[in-house]
Amino acid sequence: MKIEWKCAERVDPRLGMEILVLRHIRQNTVSPHYVDFVDRSSKPGYYFMVTTIVGPNLEELMRLGHNKKCTHQTALGVAFQVLAALKDLHGLGFIHRDIRPCNLNIGPGNRTHFIYLMNFGSAAVYRKARRVRKPRENVAFRGTMPFTSLSSHNKKEQCPKDDLESLVYTIVQMCNGLPWINEKNEDSVVAQKKKVREDSDTFFRVLHPPSMRAILTYLDKIGYYDLVDHDIVKNLILKAAENEKFESLQACDFDWEDDSDSSFSSTSMRERF
């Protein structure tokens, strides 16, 4: 269940957008990467909605891992599933605008291999009736600073490619750690994100820098009105996995599914979540 307190000053109620997105998803897709919307209601001081349950989010899970990181096989597997979720979301004309580890959850019970895209309070309608929304001239910053795209930093209207750029930062944080994760100065964060384009080997490390660099290069060339080819990004993720001789990303076990790792044992996870 999610609650939103009623506030006279709020002009963009986030719960309404969450309900809109989830309803559209279920009416138009059978994607396994989204919860089901069950019901909504309101009380004198708040609104609430009910959905099917999920397990812990990836930020919580990383705190359990060795050195608070995951293996690069798990990071690439997460990227593969989130990309599929975003392809469905973008296909329906929405953008998420806040892709990061805490907005990605694993499934409950025996569905821990599924990654769920969550929290659509920052989402927006990018395209409606096959027409792309005209970009605004003055756009407020939207997102979470370590993970948001360069376009967002530059106060530009976001589009589907920005979600994919955030996904790149997300898997790097999970696997290697973002060098700017604790930086509070936005100018410094922007400078470091630009530097990544020049010195990607150090940034990506075990995530096969040629493939990851190619993803960023591709995304940087896309304009606001351009269509994103999710399959190009998908093939580059698969190439990175192939370089490491990983098994199928659809079938590979995530770190938290490894019974030999006591950090992620079912008992350990039950005690924390």
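84 is the number that full-length UniProt numbering gives to position 84 of the sequence shown; each next residue is one higher, with no gaps. Ideal Cβ positions, reconstructed from N, Cα and C, are used throughout, including at glycine.
Legend entry - DSSP beta-bridge partners of residue 125: Residue 125 pairs with 94.
Inset, instruction - Would you mind reading off the limits of the alpha helix (DSSP H) that contains residue 137? - result: Where residue 137 is concerned, there is no enclosing alpha helix (DSSP H), given that its DSSP letter is neither H nor E.
Legend entry - Top-ranked residue by Cα proximity to residue 174, from 135, 30, 72: For the residues 135, 30, 72, the minimum Cα distance to residue 174 belongs to 72.
Legend entry - Neighbourhood of residue 151 by C-beta, 7 Å cutoff - its chain only, sequence neighbours within 5 removed: Residues of the same chain with a CB within less than 7 Å of the CB of residue 151, apart from the 5 flanking positions on each side, are 158, 162 in chain order.
Inset, instruction - Run the CB neighbour count on residue 66, radius 10 Å, all protein chains shown included, and call it buried at 16 or more, exposed below. - result: Answer is exposed; the Cβ neighbour count stays below 16.
Legend entry - Whether residue 296 touches residue 58 by CB criterion (8 Å): The question about residue 296 has no answer, for the chain in this structure spans 1 to 273.
Inset, instruction - Pick helix, strand or coil for residue 11, following the three-state DSSP scheme. - result: Only weak support exists for where residue 11 lies, its pLDDT of 48 falling under 50; the value from the coordinates is given anyway. Looking at residue 11 - three-state DSSP - the assignment turns out to be coil, as it is neither helix nor strand.
Legend entry - Among 101, 28, 106, 236, the one whose alpha carbon lies nearest that of residue 207: Proximity to residue 207 across 101, 28, 106, 236 peaks at 236, based on C-alpha coordinates.
Legend entry - Paired residues, beta bridge with residue 48 - DSSP: Paired residues: 3, 41.
Legend entry - Cβ pair count under 8 Å reaching 3, the segment 106-119 against the segment 127-143: By the Cβ test, the segment 106-119 is not in contact with the segment 127-143, since fewer than three Cβ pairs between them sit closer than 8 Å.
Inset, instruction - Could you check what DSSP says for residue 57 in three-state terms: helix, strand or coil? - result: Here residue 57 sits in strand by DSSP.
Legend entry - DSSP-derived helix/strand/coil call for residue 131: In this structure, residue 131 counts as strand in the three-state DSSP scheme.
Legend entry - Distance between residue 75 and residue 202 (C-alpha atoms, nearest Å): Taking the straight line joining both Cα atoms gives about 17 Å.
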